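Colleague: In our numbering, the protein residues as written are 109 to 278. Pasting in a structure now, in structure tokens, and then I'll have a few things to ask.
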Ligand code: NI
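Next comes the structure, spelled out in structure tokens:
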């Protein structure tokens, strides 16, 4: 199984709403497994299919980064069902390297999606797990964490990223 290339800020696929998955077939299964490998080797605690150049509503999450098998979650067509509270914490993204900023996220969430066997999954999460789910669902909706910052902060970061792209650092 190959480790896939992670798409960086500036690629338009990261700003598009990813497509619904209609059939959970062998290709989706393989894609999900390659995403897990890519996420673990990055290392990262979450990955969304657009980040490996696939416009599909598929996310992988593992807050243990491969330490605990029970922490690995693969969700097809995930949706945010409900949210509660707010926590502001520093966040980063494999597609936006070396940028970490404080982002407000719900303290608790309920997520619905499907596993690779097509079984419906409803997951209640809080803390880091809730944050990762929100971050990855944002990805499949074409949103990056920097889009959740104040316009001033976002513009400053965009300028920084633009400079890095121009100098070939991204
Ligand atoms: Ni990300």
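Glycine residues also receive a C-beta, built at the ideal position from the N, C-alpha and C atoms. Remember, it's a predicted structure, so these values are computed and weren't measured experimentally.
Given a cut-off of 8 Å, decide if residue 116 and residue 248 are closer than it, judged by their beta-carbon atoms.
Modeller: no
Colleague: Which residues mark the beginning and the end of the alpha helix (DSSP H) in which residue 216 is found?
Modeller: Premise fails: residue 216 lies in the beta strand (DSSP E), 216-222, not in any alpha helix (DSSP H).
Colleague: Do the CB positions of residue 245 and residue 254 come within less than 8 Å of each other?
Modeller: Contact flag unset, no.
Colleague: How big is the Cα-Cα spacing for residue 144 and residue 168?
Modeller: 6 Å
Colleague: Expressed to the nearest angstrom, what Euclidean distance is found between the alpha-carbon atoms of residue 238 and residue 272?
Modeller: So the alpha carbons of these two residues sit roughly 31 Å apart.
Colleague: Output yes or no for whether 8 Å exceeds the beta carbon distance between residue 229 and residue 183.
Modeller: yes
Colleague: To test your reading of the DSSP string, which unbroken beta strand (DSSP E) runs of 3 or more residues are found completely within the region 129-173?
Modeller: 154-156 and 166-169
Colleague: With 16 as the cutoff for other CB atoms within 10 Å, does residue 162 come out buried or exposed?
Modeller: Around the beta-carbon of residue 162, 16 or more other beta-carbon atoms lie within 10 Å, marking it buried.
Colleague: Give me the Cα-Cα distance between residue 127 and residue 133, rounded to the nearest whole angstrom.
Modeller: 15 Å
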